[in-house]
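So the structure is just underneath, and the comments pick up after that.
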Amino acid sequence: MCTYFKNLTGKTINQFLTDYRMEKAMQLLKDKRNPITDISAKVGYSNSNYFSKSFKKYTGVTPSKYREELTNEKTAKQTDSDL
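Taking full-length UniProt numbering, the leading residue of the sequence shown gets 1, the next gets one more, and so forth.
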């Protein structure tokens, strides 16, 4: 079954699941009303510290830094459109 899944998707089940969880987390981080601890639970991590560590390994930045960068990009786009 695992071999079939990998042949079908090009990823192991664990890789596929991690990719899905991290992509979903990146979507949820766009909304500042979602606390990072809630996001970690929503994407299947019972330990928010482990989620943060996994997120950093996946993206290169912590969830809070990722959210900060999103906010900075949004602010820069708004400033550019005001010109």
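Backbone N, C-alpha and C define an ideal beta-carbon position, used for all residues, glycine too.
Here the structure is a predicted model, which means the values were calculated and not measured.
DSSP three-state call for methionine 26: helix, strand or coil?
As a first step, residue 26 is located in the sequence shown; it is residue number 26 there, counting from the start. Helix at methionine 26.
Rounded to the nearest angstrom, how far is the Cβ of lysine 42 from that of leucine 29, given a contact under 8 Å?
Counted from its first residue, the sequence shown places residue 42 at position 42. Counted from its first residue, the sequence shown places residue 29 at position 29. With 8 Å as the limit, lysine 42 and leucine 29 do not qualify as a contact, their Cβ atoms being about 11 Å apart.
The alpha helix (DSSP H) spanning tyrosine 50 covers which residue range?
What you label residue 50 is simply residue 50 of the sequence shown in a count that begins at 1. Element bounds for tyrosine 50: 48-59.
Just the C-alpha distance for methionine 26 and tyrosine 4, rounded to the nearest angstrom, thanks.
On the sequence shown, residue 26 is found 26 positions in, with the first residue counted as 1. On the sequence shown, residue 4 is found 4 positions in, with the first residue counted as 1. Distance from the CA of methionine 26 to the CA of tyrosine 4, rounded to the nearest whole angstrom, comes to 28 Å.
Are serine 52 and threonine 59 close, meaning C-beta to C-beta below 8 Å?
One-based indexing of the sequence shown puts residue 52 at position 52. One-based indexing of the sequence shown puts residue 59 at position 59. Contact flag unset, no.
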